[in-house]
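Taking it in order: structure first as structure tokens, then the write-up.
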Amino acid sequence: MNHNLYSLLATGFPADLAAPCLILPDGRVWTYGDVERASARMANMIVALGLKPGDRVAAQVEKTPEALVLYLASLRAGTVFLPLNPAYQRHELEHFLKDATPGLFVCRPQMRALADELATQAGVAHVLELDDAGHGSLIAAATPQADEFATLERGSRDLAAILYTSGTTGRSKGAMLSHGNLAHNARTLHEYWAFRPGDVLLHMLPTFHVHGLFVACHTALLNGSAMFFEPKFDAARAMKLLPESTVMMGVPTYYVRLLLDPGFGRETCRNMRLFISGSAPLLKETFDEFRARTGHTILERYGMTEGGMFTSNPYDGERRGGTVGFPLPGTAIRIVGAGGTAVKTGEIGSIQVKGDNVFLGYWNMPEKTREEFTADGFFITGDMGSWDADFYITINGRSKDLVITGGLNVYPKEIEELIDALPGVAESAVIGLPHADFGEAVTAVVVRQKNASGKALTEAGIIAAVKGRLANFKVPKWVYLVDELPRNAMGKVQKNLLRQEYSPRPKP
Ligand code: AMP
105 MNHNLYSLLA TGFPADLAAP CLILPDGRVW TYGDVERASA RMANMIVALG
155 LKPGDRVAAQ VEKTPEALVL YLASLRAGTV FLPLNPAYQR HELEHFLKDA
205 TPGLFVCRPQ MRALADELAT QAGVAHVLEL DDAGHGSLIA AATPQADEFA
255 TLERGSRDLA AILYTSGTTG RSKGAMLSHG NLAHNARTLH EYWAFRPGDV
305 LLHMLPTFHV HGLFVACHTA LLNGSAMFFE PKFDAARAMK LLPESTVMMG
355 VPTYYVRLLL DPGFGRETCR NMRLFISGSA PLLKETFDEF RARTGHTILE
405 RYGMTEGGMF TSNPYDGERR GGTVGFPLPG TAIRIVGAGG TAVKTGEIGS
455 IQVKGDNVFL GYWNMPEKTR EEFTADGFFI TGDMGSWDAD FYITINGRSK
505 DLVITGGLNV YPKEIEELID ALPGVAESAV IGLPHADFGE AVTAVVVRQK
555 NASGKALTEA GIIAAVKGRL ANFKVPKWVY LVDELPRNAM GKVQKNLLRQ
605 EYSPRPKP
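Counting in our numbering, the sequence shown runs from 105 upward without gaps.
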């Protein structure tokens with residue numbers, strides 16, 4: 105049986121290939137036929153360059169239809185796709201190229217000189233360009249190729265992609281994802297989220313990451329749906345496109361920003377059937393306000409690069425704010441305490457997962473891979489979580505974010521929730537900073553609400569407000585008031601940057 109993911113996706117393409125696949129900001133449309141022919145030409149080109157199945161194709165390009173086509177072409181040719189964040193600079197690129205040794209590196213023209221230098225060092229045979237408008241030597245090389253390509257047969261454990269993790273602690277690791285991994289997750293999500301004929305996806309996520317490239321594109325393609333394919337999130341564009349869309353996937357910040365527009369409400373969402381959120385925690389406050397304003401209940405799900413999606417709130421049934429729902433069909437989840445035994449309801453433990461969607465391991469890192477799997481084959485996600493009485497899962501943070509103060513464990517989320525609920529607070533991040541007596545001191549970095557009225561927030565005021573509501577050891581010893589938290593492209597708060605910035609402790 106052919107397990108090539110492209111072949112699976114193509115089973116969902118519309119019978120009439122003239123149907124729209126990608127609708128661009130300037131109104132241009134790529135039909136399914138266009139995508140199929142363009143990916144055939146590019147797959148022919150990959151083969152013509154001499155790349156063999158299993159060879160890597162790295163791409164550090166902006167989100168364009170041509171970039172998506174390059175990914176699909178790589179699937180079809182049996183090569184392994186390596187999408188790279190355009191923000192990466194010399195140091196990161198050098199590591200990726202040396203580590204993954206791709207046969208082809210597609211870069212933006214402005215990075216060409218650096219790409220050539222690093223490619224020579226790493227022994228990368230071919231460098232081609234794709235600019236932000238979808239032109240360049242990549243397209244020039246593909247254009248003369250034939251419009252047809254017989255998608256290569258692949259086994260379910262053959263690699264389809266390597267995605268480097270964001271590497272907020274230590275060296276970025278290349279997660280190896282097989283055709284089988286991606287196909288399993290695509291099928292599961294397509295069904296669980298009840299994709300149906302006529303769905304139109306608003307796609308504003310980046311395509312170098314699991315959320316935008318896999319979760320969003322795979323479900324839409326498998327459904328033969330049109331996508332509004334926008335280069336990035338823009339609240340004004342979203343306001344324009346939502347009335348013509350039925351599904352949106354976003355990181356929490358997108359929903360926060362939409363709510364800032366006073367015109368956003370029921371009318372904007374009149375055709376929508378589903379808003380999905382993930383990649384970072386969605387505040388309960390955002391979840392509640394969104395429901396009040398639009399009548400829609402955001403569906404929050406949880407997953408990671410190393411296996412796509414693991415849990416989801418139900419499509420039918422109660423979507424519970426502050427939780428990430430239930431294990432998805434085909435994914436086994438257990439939450440274990442320090443001794444390796446299953447936690448009780450409400451207790452926090454380490455989340456472990458197993459399933460056909462879970463990755464094959466880290467590229468070139470057999471040791472690291474072994475460390476991250478248990479003897480019985482569960483992947484240790486590094487996330488801490490708990491079950492409630494109805495088996496909804498809540499994420500309580502990363503195990504690396506755990507603060508250990510005076511030998512006691514503190515889960516930042518518990519404190520963040522209390523602080524977030526104080527008047528005048530927009531959001532907060534709790535970290536541990538080195539402290540002579542306690543090892544680590546619980547420290548809160550707090551963002552003031554814009555235009556907050558009433559008493560100004562102060563360090564002492566925040567500490568006083570949470571005292572008495574938390575055990576003393578959990579009460580922040582230090583509080584910093586800031587205008588904004590540092591976030592990466594996926595909306596995750598970069599606690600590592602906060603730790604660097606406030607350590608050693610500056611004068612408040
Ligand atoms: P990435 O591999 O970049 O997708 O990051 C995955 C990490 O994001 C997970 O291990 C979680 O720590 C976090 N994450 C993803 N979805 C959620 C969510 N719904 N709530 C809280 N954290 C999340």
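Note that CB positions come from ideal geometry on N, CA and C, so glycine has one too.
Fair warning: this is a prediction, and the values are worked out from it, not measured in the lab.
Applying the criterion that 16 or more other CB atoms from any shown protein chain within 10 Å of the CB defines a buried residue, is Lys193 buried or exposed? It is Gln, not Lys, that sits at residue 193 in the sequence shown. When all chains shown are included, Gln193 counts as exposed.
Would the C-beta of Asp67 count as close to the ligand AMP, meaning under 7 angstroms from any of its heavy atoms? Because the chain in this structure spans residues 105 to 612, residue 67 falls outside the shown range and cannot be described.
Tell me whether Cys373 sits in a helix, a strand or coil according to DSSP, three-state version. Coil.
Going by DSSP in three states, Met353 sits in which element: helix, strand or coil? Assigned with DSSP and collapsed to three states, Met353 falls in strand.
With DSSP as the reference, identify every bridge partner of Cys211, one or two as the case may be. Beta-bridge analysis with DSSP links Cys211 to Gln164, Glu233.
According to the neighbour-count rule (16 or more other Cβ atoms, all chains shown, within 10 Å of its Cβ), is Ile519 buried or exposed? So Ile519 counts as buried.
Excluding five sequence neighbours on each side, which residues of the same chain lie with their C-beta closer than 6 angstroms to the C-beta of Asn461? So the qualifying residues of the chain are Asn285, His288, Asn289, Gly411, Gly412.
Which partner residues of Lys578 appear in the DSSP bridge assignment? Answer is none; Lys578 lacks a bridge partner.
So, is Phe379 buried or exposed, given that buried needs 16 or more other C-beta atoms within 10 angstroms? Counting of Cβ neighbours within 10 angstroms places Phe379 among the buried residues, the total reaching 16 or more.
List in chain order: all unbroken alpha helix (DSSP H) runs of 4+ residues lying wholly within the segment 382-441. The DSSP assignment places complete alpha helix (DSSP H) segments of no fewer than 4 residues inside the segment 382-441 at 388-398, in order along the chain.
Along the chain, which unbroken stretches of the beta strand (DSSP E) at least 3 residues long are found entirely within the segment 274-326? You should have 278-282, 304-307.
Going by beta carbon distance, what residues of the same chain come within less than 6 angstroms of Pro608, once the five residues before and after it are set aside? Excluding residues within five positions, none has a Cβ falling inside 6 angstroms.
Count the other CB atoms, across all protein chains shown, that sit within 10 Å of the CB of Pro310; report buried if there are 16 or more and exposed otherwise. With 16 or more Cβ atoms within 10 Å of its Cβ, Pro310 is classed as buried.
Would you mind stating whether Ala279 and Thr269 have Cβ atoms separated by less than 8 angstroms? Yes, Cβ-Cβ distance for Ala279 and Thr269 is below 8 angstroms.
Using CA coordinates, which residue listed in Ala330, Arg341, Arg502 is at the minimum distance from Ala384? Looking at Ala330, Arg341, Arg502, the one whose alpha-carbon comes closest to that of Ala384 is Arg502.
Looking at C-alpha atoms only, which residue of Pro213, Arg212, Ala254, Asp203 is the closest neighbour of Gly182? It is Ala254 whose Cα lies nearest to the Cα of Gly182.
For Lys344, is the classification buried or exposed, using 16 other Cβ atoms within 10 angstroms of its Cβ as the cut-off for buried? Classification of Lys344: exposed, given that the 10 Å Cβ count is below 16.
Going by Cα to Cα distance, which pick from Lys596, Thr478, Leu432 is closest to Thr445? Closest option to Thr445, Cα to Cα, is Thr478.
Specify whether the segment 318-337 and the segment 110-117 touch according to this definition: at least 3 beta carbon pairs, one from each stretch, less than 8 angstroms apart. Proximity of the segment 318-337 to the segment 110-117 meets the contact definition, three or more beta-carbon pairs being nearer than 8 angstroms.
Using a Cβ-Cβ cutoff of less than 7 angstroms, which residues in the same chain neighbour His283 once the five nearest sequence positions on both sides are dropped? Within the same chain, His283 has close Cβ partners His107, Asn108, Leu109, Arg258, Ser260, Asp262, Ala264.
For Ile150, name the three-state secondary structure that DSSP assigns. Annotated three-state conformation of Ile150 is helix, per DSSP.
Measuring alpha carbon to alpha carbon, tell me which residue in Ala339, Tyr606, Ala250 is nearest Tyr358. With distances taken between CA atoms, Tyr358 lies nearest to Ala339 out of Ala339, Tyr606, Ala250.
Separation of Pro516 from Thr272, as counted between CA atoms: In this prediction, Thr272 scores a pLDDT of 49, lower than 50, which makes its location untrustworthy; the coordinate-derived value is nonetheless stated afterwards. If I take the Cα positions, the gap works out to 17 angstroms.
Can you tell me whether Val314 sits near the ligand AMP, meaning its C-beta is under 7 angstroms from at least one heavy atom of the ligand? When distances are taken from the beta-carbon of Val314 to the heavy atoms of the ligand AMP, the shortest one is below 7 angstroms.
Report the CB separation of Glu198 from Leu222 in whole angstroms; it is logged as a contact under 8 angstroms. Sure, about 5 angstroms apart at Cβ, within 8 angstroms.
Quick check: the Cα distance between Pro612 and Val586, rounded to an integer number of angstroms? Caution applies to Pro612, whose pLDDT of 47 falls short of 50 and renders its modelled position unreliable; the model cannot decide the point.
Beta carbon of Pro385: closer than 7 angstroms to some heavy atom of the ligand AMP? At least one heavy atom of the ligand AMP lies less than 7 angstroms from the C-beta of Pro385.
Would the C-beta of Gly453 count as close to the ligand AMP, meaning under 7 angstroms from any of its heavy atoms? Remark: the shortest separation between the CB of Gly453 and any heavy atom of the ligand AMP does not fall under 7 angstroms.
Evaluate Phe495 with the Cβ neighbour count: other Cβ atoms within 10 Å of its Cβ, from every protein chain shown; 16 or more gives buried, anything less gives exposed. Burial call: exposed.
In the DSSP output, which residue or residues are listed as bridge partners for Tyr466? Looking at the DSSP assignment, Tyr466 forms a beta bridge with Ala279.
Would DSSP call Gln456 helix, strand or coil? In the structure shown, Gln456 falls within a strand segment according to DSSP collapsed to helix, strand and coil.
Three-state secondary structure (DSSP) at Thr224? Secondary structure of Thr224 (DSSP, three-state): helix.
Does DSSP classify Tyr606 as helix, strand or coil? Tyr606: coil per DSSP, three-state reduction.
Going by beta-carbon coordinates alone, are Val77 and Ser143 separated by less than 8 angstroms? The structure shown does not extend to residue 77, since the chain spans only 105 to 612, so no value can be given for it.
Opposite Tyr268 in the DSSP bridges: which residues? DSSP lists Gly278 as partners of Tyr268.
Secondary structure at Asn600, three-state DSSP: helix, strand or coil? Looking at Asn600 - three-state DSSP - the assignment turns out to be helix.
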